[in-house]
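Chemist: Under mature numbering (1 follows the signal peptide of the UniProt record, and there is no 0), read the sequence shown as residues -23 to -1, 1 to 147, first letter to last.
Here a beta-carbon is modelled for each residue, glycine too, at the ideal position from N, C-alpha and C.
Structure incoming, see below.
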Amino acid sequence: MLLRRLLPLTVLMAGLAATPALADLPPVPQVGQETPKPVAAPYGPTEGAQAQVDAAFKTAKESGRNVLIDFGGNWCPDCRMLSGVLALPSVAPWVAAHFVTVMVNVGRINTNLDIAQHYGVTIKAVPTVLIVTPQGRLLNPDGTLELGNARRMSAQAVVDLLAGWNGRGA
């Protein structure tokens, strides 16, 4: 009986030892008056996307961070603005501490769609953002399109959404 009570605690302690201490991670940034500027071309070529995603998951497993997969295209104003938010000086260090980020170019929503499909997501619009644990569990199945209006969202609202989704993996 005592062993049954201690086993979950032992598993929890082992899991905590394997992940970075929460106190060591930067808190959710308060963006304040910083104004994001759209990034001109945040997405690389469409070729090699699966290899980039695979590399991101390898890094995530080694670091204990979740993977942020941003599906979009350089033609998309909301995609470019989302990248601008992620690049803000107050936001970029927080993103780097909490996520392994990979930008997947979907062309005109006609390529690399199978990557999202692997997580049960059909890309209908961009940006489509997936937050995935290193083990492959999608943390925001209900919100993959919520950043699709990034041009009209405050930078703080974008950060708060990402933080909320990331917190689901804790």
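Take residue 135 as the anchor and find which of 123, 43 and 66 has the nearest alpha-carbon.
Modeler: The residue you call residue 135 lines up with position 158 of the sequence shown. Here the closest residue by C-alpha is 123.
Chemist: In terms of alpha-carbon separation, which member of 106, 101, 87 and 70 lies closest to residue 79?
Modeler: Translated into positions along the sequence shown, residue 79 becomes position 102. The option with the nearest alpha carbon to residue 79 is 106.
Chemist: Provide the residue span of the alpha helix (DSSP H) that contains residue 62, from first to last.
Modeler: On the sequence shown, position 85 is the one that residue 62 refers to. Its alpha helix (DSSP H) spans residues 54 to 63.
Chemist: Could you tell me the alpha carbon to alpha carbon distance between residue 207 and residue 111, rounded to whole angstroms?
Modeler: No information on residue 207 is available, as it lies outside the stretch -23 to 147 that the chain covers here.
Chemist: Alpha carbons only, please: which of 85, 113 and 58 is nearest the one belonging to residue 100?
Modeler: As a first step, residue 100 is located in the sequence shown; it is residue number 123 there, counting from the start. Checking every option, the nearest Cα to that of residue 100 belongs to 85.
Chemist: By alpha-carbon positions, which one of 133, 128 and 37 ends up nearest to residue 58?
Modeler: Here residue 58 refers to the residue found at position 81 of the sequence shown. Looking at the Cα atoms, 128 is the closest of the given residues.
Chemist: Keeping to the same chain, check which residues put their C-beta closer than 7 Å to that of residue 121; ignore five residues upstream and five downstream.
Modeler: For this step, residue 121 is matched to residue 144 along the sequence shown. Around residue 121: 98, 105, 106 and 107.
Chemist: By the 10 Å Cβ neighbour count, where 16 or more other Cβ atoms means buried, how is residue 19 classified, buried or exposed?
Modeler: Here residue 19 refers to the residue found at position 42 of the sequence shown. When all chains shown are included, residue 19 counts as buried.
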